[in-house]
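Participant:
Number of protein chains: 2
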Amino acid sequence: MQFLIIVYDEECFQGRHHEFTSECCNVMEFGFETVRSLRVESGAWVGYEHSNYQGHQFVLERGEYPQCDAFGGSNAYHIERMTSFRPISCSNHRECRMTIYERENYLGRKGELSDDYPSLQAMGWCNNEVGSMRVQSGAFVCYQFPGYRGYQYIMECDRHCGEYKNFKEFGSHCQTPQIQSIRRIQQ
Amino acid sequence: MQFLIIVYDEECFQGRHHEFTSECCNVMEFGFETVRSLRVESGAWVGYEHSNYQGHQFVLERGEYPQCDAFGGSNAYHIERMTSFRPISCSNHRECRMTIYERENYLGRKGELSDDYPSLQAMGWCNNEVGSMRVQSGAFVCYQFPGYRGYQYIMECDRHCGEYKNFKEFGSHCQTPQIQSIRRIQQ
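Heads up: the sequence lines are chains A and B, in that order. Here this note's numbering is used: the first residue of the first sequence is 1, the next is one more, and so on. Here this note's numbering is used: the first residue of the second sequence is 1001, the next is one more, and so on.
1) Which stretch, first to last residue, makes up the beta strand (DSSP E) that contains F140(A)?
2) Return no unless some Cβ of chain A is closer than 9 Å to the Cβ of E1080(B).
3) What are the residues in the region 1043-1068 of chain B lying within 9 Å of chain A by C-beta distance?
4) So which of Q136(A), M133(A), G131(A), K110(A) has the shortest CA-CA distance to G124(A)?
5) Relative to the alpha-carbon of K1168(B), which residue among R1134(B), E1156(B), E1104(B), C1090(B) has its alpha-carbon at the smallest distance?
6) What's the gap between the Cα of Y1053(B) and the Cα of S1037(B)?
7) Taking Cβ to Cβ, would you say F1085(B) is nearer than 9 Å to V1007(B)?
8) Opposite P87(A) in the DSSP bridges: which residues?
9) How far does the beta strand (DSSP E) with F58(A) in it extend, from its first residue to its last?
10) Should I1185(B) be flagged as near chain A, meaning a C-beta pair shorter than 9 Å?
11) Among all the DSSP beta bridges, which residues are the ones paired with E64(A)?
12) Cβ closer than 7 Å: which chain A residues qualify as neighbours of Q1219(B)?
13) With three or more beta-carbon pairs closer than 8 Å as the criterion, would you say the region 167-183 of chain A touches the region 1001-1015 of chain B?
14) Report buried or exposed for E1029(B), applying the criterion of at least 16 other Cβ atoms within 10 angstroms of its Cβ.
15) Under 9 Å, Cβ to Cβ, is there at least one residue of chain B near F71(A)?
16) In the DSSP assignment, the beta strand (DSSP E) including Q121(A) goes from what residue to what residue?
17) Which of helix, strand or coil does DSSP assign to V130(A)?
18) Report the neighbours of R180(A) on chain B: residues whose CB is nearer than 8 Å to its CB, in chain order.
19) Rounded to whole angstroms, what's the CA-CA distance from H160(A) to C1126(B)? Just pull it up for me.
20) Measuring alpha carbon to alpha carbon, tell me which of C96(A), E156(A), C68(A) ends up nearest T83(A).
21) On a Cα-Cα basis, can you pick out the residue from Y143(A), R184(A), Y106(A), M155(A) that is closest to G131(A)?
22) Apply the 10 Å Cβ neighbour rule to G1043(B) and answer buried if 16 or more other Cβ atoms are within range, or exposed otherwise.
23) Along chain B, which residues have their Cβ under 9 Å away from the Cβ of F145(A)?
24) Are G1063(B) and C1096(B) touching if we call contact CB-CB under 9 Å?
25) Kindly indicate which three-state DSSP category I24(A) falls into: helix, strand or coil?
26) Only counting the same chain, and skipping five residues up and downstream in sequence, which positions put a Cβ closer than 7 Å to that of E1061(B)?
27) Rounded to a whole number of angstroms, what is the C-alpha to C-alpha distance between D115(A) and Y101(A)?
Pasting the structure below:
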């Protein structure tokens, strides 16, 4: 699997740019104040608000992102910066499988997921929250709101051993177990 | 197919509320200044910024939307209001099929879609634009950016005869043929 992302320090692919084929823990070390536009040429990546893969996270798939608004993690929280990013190495699994649980520590009702779900409630999930989850294979992105909107949490089988036993492990910024849509990351 | 949406004039499902089972061309006629939170109980709906189904549009699937940020159409253009909305009546097709064309008037390279595509370029589409499209069955939502982000355009087989021959027909607000992700609407 090849990974290539080109980041720019001005909007619309202007200004200083740099190509990356692997993770970058702090784009400022490359003379960037922040990233204002980017192109994903291959692979799926996850971007982070802060350095060292901290803060809000958002999936970056192949295509053009001419301004921060195009990749910023959430409408609810308007992200103006991307400081670190890394490839999603397990995103090229043929099969993506995860189990979601109603309560933390893998308790309560559970659901087996292997597809894309723009509304968990429409597929029969009991409420607007997920208490814990296990990723058996591949990678998924979970969203706060239906229709793949709001805060994002990237879940991978080869991080945390695919185990996310409560919402604090969903992401460093995660303040609520509210999750209403989930989809596979397949590039 | 049942359709039910409950809209509130305050955030977090507070204040005045009203239930709708069919289209609403102007929520102000029901005493609302605007809609600040909503619950979709069944069916898929499309919301519009302005009355009479004008302005920016956004798909609303089953679940909870506690503030405008949760349903507002785009990060790039932060929508603070929803004034009209309607059910997507053809969204319960078993099969969704559409054809996208590189240029307007159904010219140039074409692609047949029957699945969800978080990145058109990753599935081999030539560029970051779609010149025209035909929906043969069901309903799709097209997005400006990869990963189902940015401006939304809801495309239905039973509107415009499923024919969208140039980007001005994608939506009343559409100013560019830039489309980088497309998914089915299946509720």
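All C-beta atoms in this analysis are idealised placements derived from N, C-alpha and C, irrespective of residue type, glycine included. No experiment lies behind these values; they were computed from the predicted model shown.
Facilitator: Concretely, from the data shown:
1) Position 140 of the first sequence, counted from the start, is the residue given in the question as residue 140(A). Here the beta strand (DSSP E) through F140(A) covers 139-145.
2) By 1-based counting over the second sequence, the position of residue 1080(B) is 80. No - not a single Cβ of chain A is within 9 Å of the one on E1080(B).
3) A1044, F1058, V1059, L1060, E1061, R1062, G1063, E1064, Y1065, P1066, Q1067, C1068
4) To locate residue 124(A), count along the first sequence from 1; it is residue 124. Nearest option by C-alpha distance: K110(A).
5) Residue 1168(B) sits at position 168 when you count from the first residue of the second sequence. Ranking R1134(B), E1156(B), E1104(B), C1090(B) by Cα distance to K1168(B) puts E1104(B) first.
6) Position 53 of the second sequence, counted from the first residue, corresponds to residue 1053(B). Position 37 of the second sequence, counted from the first residue, corresponds to residue 1037(B). Taking the straight line from one Cα to the other gives about 18 Å.
7) The residue you call residue 1085(B) lines up with position 85 of the second sequence. The residue you call residue 1007(B) lines up with position 7 of the second sequence. Cβ distance < 9 Å, so F1085(B) and V1007(B) count as in contact.
8) For the purposes of this step, residue 87(A) is taken as residue 87 along the first sequence, with counting starting at 1. In the DSSP output, where bridge partners are listed per residue, P87(A) has W45(A).
9) As a first step, residue 58(A) is located in the first sequence; it is residue number 58 there, counting from the start. Taken as a continuous stretch (DSSP letters only), the beta strand (DSSP E) holding F58(A) covers 54-60.
10) Counting from 1 along the second sequence, the entry for residue 1185(B) is found at position 185. I1185(B) has a beta carbon lying within less than 9 Å of a beta carbon in chain A.
11) Numbered from 1 along the first sequence, position 64 holds the residue referred to as residue 64(A). DSSP, once it has assigned bridges, lists R39(A) as partnering E64(A).
12) As shown, chain B starts at 1001 and ends at 1187. That puts residue 1219(B) outside it, with no answer to give.
13) no
14) Your numbering for residue 1029(B) matches position 29 in the second sequence. Exposed.
15) Here residue 71(A) is taken as the residue at index 71 of the first sequence, counted from 1. F71(A) counts as touching chain B.
16) In the first sequence, residue 121(A) corresponds to position 121, counting from 1. It is not in any beta strand (DSSP E) - Q121(A) carries neither H nor E in the DSSP assignment.
17) As a first step, residue 130(A) is located in the first sequence; it is residue number 130 there, counting from the start. V130(A): coil per DSSP, three-state reduction.
18) Here residue 180(A) corresponds to residue number 180 of the first sequence, with the count starting at 1. Sequence check: residue 180(A) is Gln here, not Arg. In chain order: G1063, E1064.
19) Numbered from 1 along the first sequence, position 160 holds the residue referred to as residue 160(A). Numbered from 1 along the second sequence, position 126 holds the residue referred to as residue 1126(B). So the alpha carbons of these two residues sit roughly 37 Å apart.
20) By 1-based counting over the first sequence, the position of residue 83(A) is 83. Ranking the options by Cα distance to T83(A), first place goes to C68(A).
21) The count along the first sequence starts at 1 and reaches residue 131(A) at position 131. Minimum Cα distance to G131(A) is reached at Y106(A).
22) For the purposes of this step, residue 1043(B) is taken as residue 43 along the second sequence, with counting starting at 1. Answer is buried; the Cβ neighbour count reaches 16.
23) On the first sequence, position 145 is the one that residue 145(A) refers to. Per Cβ cutoff of 9 Å: G1063, E1064, Y1065, P1066, D1069, A1070, F1071.
24) If you number the second sequence from 1, residue 1063(B) lands on position 63. If you number the second sequence from 1, residue 1096(B) lands on position 96. No. Outside cutoff.
25) Counting from one through the first sequence, the residue named residue 24(A) turns up at place 24. According to the sequence provided, residue 24(A) is Cys. The question's Ile does not apply to it. Strand.
26) Taking the second sequence and counting its residues from 1, one reaches residue 1061(B) at position 61. Around E1061(B): V1040, A1044, Q1187.
27) Locating residue 115(A) in the first sequence gives position 115, where the first residue counts as 1. Locating residue 101(A) in the first sequence gives position 101, where the first residue counts as 1. Rounded to the nearest angstrom, the two C-alpha atoms are 17 Å apart.
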